[in-house]
Structures are given as structure tokens and as C-alpha cells.
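Single-structure report; data block below.
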Amino acid sequence: MNQYYQDNMLFGMNPSSYLHRYAVNGKVSGNLACISEIKNAAVVLYSPRGCGFHYRCHVRSGQSPVYDLECADLRNNDVIFGGEQKLTALLQKVEREQKPEIIFLLPSVVSDIINGRKVLREKACQKQKQKFSSSAVYPGCGYVEVMDALVEQVMEPQSVEPLSVNIEAFVWGYNGENKLQGMSEMLQKIGITVNAYLPAADLHTIKRAPRAALNIVRRKKWALAMEQHFGTPFLHVADMQEWHGIEGISDLYRQIGKMLGCENAVEHVLQEEYER
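According to this note's numbering, the sequence shown is numbered sequentially starting from 1053.
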């Protein structure tokens, strides 16, 4: 669970926020932000060497460059006649040298940039400002696409463990890791176990993610996919401002308790916390 907010904290600027709103971006930086959380994972970028060089240190990874990123180094001949043999040799090299549990193959960003220009143009022409709605499902910026791939290609059907949750491990604000630790301790007092922090886990744990009876998520799109594939319900924490203060935090745990059928245990622990 890396911290992605150091630039904002140290310099009073968050370039990632501006890029999300106003720039024309591909999805590779978001892909890498997600994959970097996964233990013993390797990445192969199927693109020209310029992309491989650029994405080793991008706006999301300014504090921790992706030094072991591999690139297929596509040339004109590969684009015209096919680069399958080059890609196969590179994948074998990565498997031999890095010995990863899982290899992610990322495409070039050209098609994403074309689509990004289209989306930006539509935003510029929008006449009415739309208020954020937690019921909206937004196209991802790379991070969600990796989460979708984990749901569709990695996770396996499991027997559901009652009173267990998965927690999405990204975008909980400053000191996010400590917040998640505090949440885990509170859930443990209630009698709820954390099955996995997603995607900050190893391959075995990600495969067994559908064991959880509930997902607690910051992004809705992949949770909807997991609900469709495995029937796992989710609690969408869309805007953390809705959950601030003692009453807001209490309401969060009451929502979790309601969805897991342990309201009495939640109220008992909340009362102890009030008294403390």
C-alpha cells in the first residue's frame, strides 16, 4: 500500500489530479500504479522503447520509479509484419530472470490517447456542470482496468466465509496505510476478518478474494464486475467526506454490520468506543 500523496504533502501540488482532469493520457501510468501494489508481479510493455523509458518514472511513481519494467522495443517492421516472436522471447526472459508469480502484458498507449482526446473534447463542450454522484460508473484511467483483469482472469470461485471483507487498498488519503490498519483493528473487535487488501496482495490471496462476504471499495467499476462474476456485494465509499466525524465513522461500521448481518456486535463495539 504505497503512499501516492508525497508531492501534494511536500510541495502543495498534486499533478495527478490535474492530469486526470485536463490532460490527454493513456492508461499505462494507472496500470503501473495498480500492478506495483501486487507482490511478485512483472510487467512487459508491448510498445516502442520510448514508452518503456518514459513510464519507468511517471507522475504516479515519482517517489518510486518502476526500474524493472520490461519493454518489447517495437520497431516499424514489428508493427507491419508482427512482433510475436520478439514478444515470446521477452516473456521467456522475464520468467527466467525475475521468476514472477504473474506477468502483466500492457499495450501501447496510442489508442488510449486518441480516445482521451475525444473525452476531453466532450468535457470542454459540456454546458452544464454535473455534480458528482456515487451512482455513476466512470471509465478507468488504467488502475480500474487492472482490477477488472484480476476479477476476470485471476480470481477463482470460492466458498464464502461469513463475516469477512476485502478492502480496496488505494486512495484513502493521507496516511492511508494507517487508516486501513485502524479500520482492520475495529473490524476485528466486531468479529469481522479482512480476507484481502486488494490489489496489495500476492497471487494466491488475489485468487481467493471471492471468499469474502463483502467488498469495501473506493472504485465501483471493478466491484460491479466482481459482484457479477462471484455474487460478492460491495459497500462503495465514494466520498470520504460523507463519513467524517464520530457519527460518520459510526455510520460506516453500521453499514458494514447491516450488510454482514452483525448489527448487534457493531453496536456493542461502538458503545465501548464511545465510552473509551
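C-beta: ideal position from N, C-alpha, C; glycine also.
From the DSSP output, in three-state form, read off residue i for me.
{"i": "C1193", "result": "coil"}
{"i": "F1156", "result": "strand"}
{"i": "I1258", "result": "helix"}
{"i": "S1216", "result": "strand"}
{"i": "K1183", "result": "Residue confidence is low: K1183 scores 41 on pLDDT, short of 50, so the model does not pin down where it sits. Its coordinate-derived value is still stated next. K1183: coil per DSSP, three-state reduction."}
{"i": "F1282", "result": "helix"}
{"i": "Q1293", "result": "helix"}
{"i": "A1188", "result": "Low confidence applies to A1188: its pLDDT is 45, below 50, so where it sits in the model is not reliable, and the reading given next is rough at best. The answer is coil: DSSP assigns A1188 none of H, G, I, E or B."}
{"i": "A1252", "result": "coil"}
{"i": "V1203", "result": "helix"}
{"i": "I1298", "result": "helix"}
{"i": "G1313", "result": "coil"}
{"i": "Y1107", "result": "coil"}
{"i": "K1241", "result": "helix"}
{"i": "G1134", "result": "coil"}
{"i": "I1090", "result": "coil"}
{"i": "N1128", "result": "helix"}
{"i": "W1274", "result": "helix"}
{"i": "K1151", "result": "coil"}
{"i": "Q1323", "result": "helix"}
Pick from the options: whose alpha carbon is nearest that of residue i?
{"i": "V1080", "options": "R1127, C1193, Y1119", "result": "C1193"}
{"i": "L1304", "options": "L1158, R1263, L1239", "result": "L1239"}
{"i": "V1217", "options": "D1200, L1250, W1224, P1159", "result": "L1250"}
{"i": "L1139", "options": "I1132, R1108, S1099, A1317", "result": "S1099"}
{"i": "I1268", "options": "H1256, H1281, L1255, M1292", "result": "M1292"}
{"i": "I1258", "options": "G1082, I1087, N1083", "result": "I1087"}
{"i": "L1255", "options": "G1082, N1129, N1083, E1089", "result": "E1089"}
{"i": "N1316", "options": "F1286, G1300, I1244", "result": "I1244"}
{"i": "L1126", "options": "S1160, M1207, K1145", "result": "S1160"}
{"i": "F1282", "options": "W1224, G1082, R1260, Q1233", "result": "R1260"}
{"i": "Y1326", "options": "K1310, A1124, R1306, S1302", "result": "S1302"}
On the DSSP bridge assignment, give the partners of residue i in chain order.
{"i": "C1123", "result": "L1097"}
{"i": "V1246", "result": "V1217"}
{"i": "N1267", "result": "N1218, F1286"}
Check whether the Cβ atoms of residue i and residue j sit closer than 8 Å, and answer yes or no.
{"i": "E1149", "j": "I1155", "result": "no"}
{"i": "A1253", "j": "K1091", "result": "yes"}
{"i": "P1262", "j": "Q1205", "result": "no"}
{"i": "M1278", "j": "V1198", "result": "no"}
{"i": "V1095", "j": "L1158", "result": "yes"}
{"i": "L1215", "j": "L1312", "result": "yes"}
{"i": "I1219", "j": "V1318", "result": "no"}
{"i": "V1212", "j": "A1265", "result": "yes"}
{"i": "L1121", "j": "G1104", "result": "yes"}
{"i": "A1093", "j": "E1153", "result": "yes"}
{"i": "L1084", "j": "Y1107", "result": "yes"}
{"i": "I1308", "j": "L1276", "result": "no"}
Taking contact to mean 3 or more Cβ pairs, one atom from each stretch, closer than 8 Å, check whether the segment 1260-1273 and the segment 1293-1301 are in contact. Contact between the segment 1260-1273 and the segment 1293-1301 is absent, because fewer than three Cβ pairs lie under 8 Å.
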